[in-house]
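J.: Mapping the sequence shown onto this note's numbering, position 96 (from 1) lands on 978, and the numbers just tick up by one.
Note that the Cβ used here is the ideal one computed from N, Cα and C, for glycine as well.
All values reported here derive from a predicted model rather than from experimental measurement.
Here it is, the structure, as structure tokens.
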Amino acid sequence: MPMNASRRLSLLLTVLAGIAAQARADEVPVAVAANFTAPMQQIAAGFEKATGHKVVAAYGATGKFYAQIKNGAPFEVLLAADDETPARLTAEKAAVAGSRFTYAIGKLVLWSAKPAVVDARGDVLKNGTFDHIALANPKLAPYGAAAVQAMKALGVHEALQPRFVMAENITQAHQFVSSGNALLGFVALSQVLRDGRIEGSAWMVPAALYPPIRQDAVLLDKGKDKPAAQALMRYLQSEQARAVIQSFGYGL
883 MPMNASRRLS LLLTVLAGIA AQARADEVPV AVAANFTAPM QQIAAGFEKA
933 TGHKVVAAYG ATGKFYAQIK NGAPFEVLLA ADDETPARLT AEKAAVAGSR
983 FTYAIGKLVL WSAKPAVVDA RGDVLKNGTF DHIALANPKL APYGAAAVQA
1033 MKALGVHEAL QPRFVMAENI TQAHQFVSSG NALLGFVALS QVLRDGRIEG
1083 SAWMVPAALY PPIRQDAVLL DKGKDKPAAQ ALMRYLQSEQ ARAVIQSFGY
1133 GL
């Protein structure tokens, strides 16, 4: 076979292989806890590069996702901000038994976009002069529930309650603080940690003040026969994904 014909055949085979790979590629509708937005964007890019599958992510409050999934939303994978919601969905036959695992352990931070507002011991909660403190709705968002538990443990919840600015989810709580609508607020460490440092001022809320924020992933019923959804569940446990998760300050 002449050399140019051989090269044409090789090129044709390469093109056909690419077309076949694209044909096998699929989209994965994923419900992602709002605190995990930035890490998931990086993970989704790596997943698409590694597998050809594309993540179609919606970000929001875990409680709202639960209601949407129960009402037939087309999500195939849930990355929750707690471990209770995936367990509940599994018990209710809305998720695949045995698929659930903890992909991250969240950390709660009291944060202000301004320097020198939040002190290193969190005493600002007792002594600070501020009009508003932001937190995610504790009925919908596990980070909001953790914030309430921490304030109760410190004995400041009742006194601070009139100053609450209640957000729908942890992303909105962060927006309230970053925009100045609230001088400070409870957010996820992953939202404010960049290159190992936090801008503004912050207090890492001691883990002893709130229940562990174990964030579980689960394969939903609509994804049980979908290879792309199963591939994403595997990828979330890969070294590449775990490195991204740790870089945003989560525990594993």
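In the DSSP output, which residue or residues are listed as bridge partners for Met1086?
T.: Locating residue 1086 in the sequence shown gives position 204, counting from the first residue. Paired residues: Val991.
J.: Does the beta-carbon of Ala903 have 16 or more other beta-carbons within 10 angstroms, so that it is buried, or is it exposed?
T.: Against the sequence shown, residue 903 aligns to sequence position 21. Any reading at Ala903 must be qualified, since the residue scores a pLDDT of 44, below 50, and its modelled position is unreliable; the value itself is stated next. The residue in question, Ala903, is exposed, as its Cβ has fewer than 16 Cβ neighbours within 10 Å.
J.: Does Lys975 pass the burial test, meaning 16 or more other C-beta atoms within 10 Å, or should it be called exposed?
T.: To locate residue 975, count along the sequence shown from 1; it is residue 93. Its Cβ having fewer than 16 others within 10 Å, Lys975 is exposed.
J.: Can you look up Ala905 in the DSSP assignment and give me helix, strand or coil?
T.: Taking the first residue of the sequence shown as 1, we reach residue 905 at position 23. Only weak support is given to the placement of Ala905: the predicted model assigns it a pLDDT of 43, under 50, and the question is left unresolved by the model.
J.: State the Cα-Cα distance for the pair Gln1097 and Ala986, rounded to the nearest angstrom.
T.: Within the sequence shown, numbered from 1, the residue matching residue 1097 stands at position 215. Within the sequence shown, numbered from 1, the residue matching residue 986 stands at position 104. Those two C-alpha atoms are separated by around 5 angstroms.
J.: Ignoring anything shorter than 3 residues or poking outside the region 1068-1127, list the beta strand (DSSP E) runs there in chain order.
T.: Counting whole runs of 3 or more residues, the region 1068-1127 contains the beta strand (DSSP E) stretches 1083-1086 and 1095-1101.
J.: Please identify the residue among Tyr1132, Leu1114, Gln1122 and Leu1118 whose C-alpha is closest to the C-alpha of Asp1168.
T.: This structure does not reach residue 1168, given that the chain is present from 883 up to 1134, and the question cannot be answered.
J.: Please list, in chain order, all residues of the same chain as Val1047 whose beta carbon is under 6 angstroms from its beta carbon, the five residues on each side excluded.
T.: Here the question's residue 1047 lines up with position 165 in the sequence shown. Excluding residues within five positions, the ones whose Cβ falls inside 6 angstroms are His1014, Ala1016, Phe1058 and Ala1064.
J.: Looking at the structure shown, is Leu1134 part of a helix, part of a strand, or coil, going by DSSP?
T.: Stepping through the sequence shown from its first residue, residue 1134 is reached at position 252. Here Leu1134 sits in coil by DSSP.
J.: Along the chain, where does the beta strand (DSSP E) that runs through Ala940 open and close?
T.: Mapped onto the sequence shown, residue 940 falls at position 58. From DSSP, the beta strand (DSSP E) with Ala940 extends over Lys936 to Gly942.
J.: List the DSSP bridge partners of Thr984.
T.: Position 102 of the sequence shown holds residue 984. Beta-bridge pairing links Thr984 to Asp1098.
J.: Can you look up Leu971 in the DSSP assignment and give me helix, strand or coil?
T.: Here residue 971 corresponds to residue number 89 of the sequence shown, with the count starting at 1. Leu971 falls in the helix class under three-state DSSP.
J.: In its own chain, which residues sit with a C-beta less than 7 angstroms from the C-beta of Tyr1092, not counting the 5 before and 5 after it?
T.: Start at 1 with the first residue of the sequence shown, and residue 1092 comes out as number 210. Same-chain partners within the cutoff: Leu990, Ala1028, Gln1031 and Ala1032.
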